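Participant: In the working numbering, the protein residues as written are 244 to 439. Idealized CB from N, CA, C, for every residue including glycine. All values reported here derive from a predicted model rather than from experimental measurement.
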Amino acid sequence: MKIERQQTFETYNHRILWVAVHRNLQLATSPNEDAKFFALTSMLLSALAFEGYLNWLGSRIAPEVWEDERQFFSRHPTHGPLGKYRVLAKLLNLPTPDPSQGAFQTAKRLFKLRDRIVHPKTEAGERPVKFKEGNFPPNYQSELGTEVSPDAATRAKDHVEKLAEELHREAKLAYSGNVHETHAFGSLLGTEITGT
């Protein structure tokens, strides 16, 4: 006999992205010729997962702000994902992050990289090069190429996770009725089954 019940569910898309961060990072840190491409993907997904987490947490603890998220976060000093972080940190009585060092500096660089990836522009110019006659000159390495590496991807993942977990720890204490999950990037799905 089949029964019918109401299922309430929530899919945490930021956590799906976080799983992809880890999988790409594994590929980036194993010896292969495509390591830099996997590092690039991991770094981009770290930025997207972090912003997804900020949106999830913001909708839980400051729904009135996140109701009009695009408008609220479109101007200085709350502009963009790092503005979202600052708003949440202030709500949770965390110290104002120093943009010139540590995890917040990494996040700042990561979002600049994300912007360069999603709005790519051609790099063009001239430069003096020295090379031995009969050999090819050294290849130009793009700005994007110089910022991406397996080490940079690992640092991005670690620092984004640190920032998210700091927020999450404080949110669990201050908003325990709205934030039940153990970790910022934990399980992918939350469900509850209730009677009809």
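#1: Using three-state DSSP, classify E276 as helix, strand or coil.
#2: Do you know whose CA, among K351, P371, N421, lies nearest R398's CA?
#3: Using the rule of at least 16 other Cβ atoms within 10 Å of the residue's Cβ for burial, across every protein chain shown, is T434 buried or exposed?
#4: Taking all protein chains shown into account, decide if R329 is buried (16 or more other Cβ within 10 angstroms of its Cβ) or exposed.
#5: Tell me which same chain residues have a C-beta within less than 7 Å of the C-beta of N421, skipping the five on either side of it?
#6: Taking 8 Å as the threshold (C-beta atoms), are L410 and L287 in contact?
#7: Reducing DSSP to helix, strand and coil, say where E253 ends up.
#8: If distances are taken between C-alpha atoms only, which option among V264, Q250, N256 comes closest to P393?
#9: Distance, Cα to Cα, Y418 vs R412?
#10: When the Cα of F347 is compared with those of E366, G326, L270, which residue comes out closest?
#11: Is it buried or exposed, E404, if we count other Cβ atoms within 10 angstroms and call 16 or more buried?
#12: Would you check if the region 251-259 and the region 287-298 touch, i.e. whether three or more CB-CB distances between them fall below 8 Å?
#13: Mind checking whether A427 and F354 have CB atoms under 8 Å apart?
#14: What distance in whole Å lies between the Cβ atoms of L260 and A396, which are believed to be in contact at a cut-off of 8 Å?
#15: Thinking just about the alpha-carbon of each residue, which of F374, Q344, P342, T389 is nearest to the one in A282?
#16: Using only alpha-carbon positions, find the residue among T339, P363, G345, S385 that is nearest to R370.
#17: Please check the pair T349 and H402, which I expect to be a contact at CB under 8 Å, by giving their CB distance rounded to whole angstroms.
#18: Answer yes or no: do L337 and G301 have a C-beta to C-beta separation smaller than 8 Å?
Facilitator: Answer, in terms of the structure:
#1: By 1-based counting over the sequence shown, the position of residue 276 is 33. In the structure shown, E276 adopts coil according to DSSP, grouped into three states.
#2: Looking up residue 398 in the sequence shown gives position 155. The residue from K351, P371, N421 with its alpha-carbon nearest to that of R398 is K351.
#3: The sequence position of residue 434 within the sequence shown is 191, counting from 1. With a pLDDT of 49 at T434, under the threshold of 50, the modelled position of this residue cannot be trusted; read the value that follows with caution. That one is exposed.
#4: Within the sequence shown, numbered from 1, the residue matching residue 329 stands at position 86. Result: buried.
#5: As a working mapping, residue 421 is identified with position 178 in the sequence shown. Excluding residues within five positions, the ones whose Cβ falls inside 7 Å are R303, I304.
#6: Start at 1 with the first residue of the sequence shown, and residue 287 comes out as number 44. Start at 1 with the first residue of the sequence shown, and residue 410 comes out as number 167. Cβ distance not < 8 Å, so L287 and L410 don't count as in contact.
#7: The count along the sequence shown starts at 1 and reaches residue 253 at position 10. The three-state reading of DSSP puts E253 in strand, counting E and B together.
#8: For the purposes of this step, residue 393 is identified with residue 150 of the sequence shown, where counting begins at 1. Checking every option, the nearest Cα to that of P393 belongs to V264.
#9: Here the question's residue 418 lines up with position 175 in the sequence shown. Here the question's residue 412 lines up with position 169 in the sequence shown. If you take the alpha carbons of Y418 and R412, they lie about 10 Å apart.
#10: Walking along the sequence shown from the start, residue 347 turns up at place 104. The alpha carbon of F347 has as its nearest neighbour, out of E366, G326, L270, the alpha carbon of G326.
#11: Counted from its first residue, the sequence shown places residue 404 at position 161. So E404 ends up on the buried side.
#12: Flag = yes, the region 287-298 and the region 251-259 touch.
#13: Taking the sequence shown and counting its residues from 1, the one referred to as residue 427 is at position 184. Taking the sequence shown and counting its residues from 1, the one referred to as residue 354 is at position 111. Result no, Cβ atoms of A427 and F354 do not sit closer than 8 Å.
#14: Here residue 396 refers to the residue found at position 153 of the sequence shown. Here residue 260 refers to the residue found at position 17 of the sequence shown. So it is not a contact: roughly 14 Å between Cβ atoms.
#15: What you label residue 282 is simply residue 39 of the sequence shown in a count that begins at 1. Of the listed residues, the one whose Cα sits closest to A282 is T389.
#16: Residue numbering aside, residue 370 sits at position 127 when the sequence shown is read from its first letter. Selected option, being the one with the closest Cα: S385.
#17: Residue mapping note: residue 349 aligns to position 106 of the sequence shown, counting from 1. Residue mapping note: residue 402 aligns to position 159 of the sequence shown, counting from 1. Yes, they are in contact, since the Cβ atoms of T349 and H402 sit about 4 Å apart, within 8 Å.
#18: As a working note, residue 337 is residue 94 in the sequence shown. As a working note, residue 301 is residue 58 in the sequence shown. The beta carbons of L337 and G301 sit no closer together than 8 Å.
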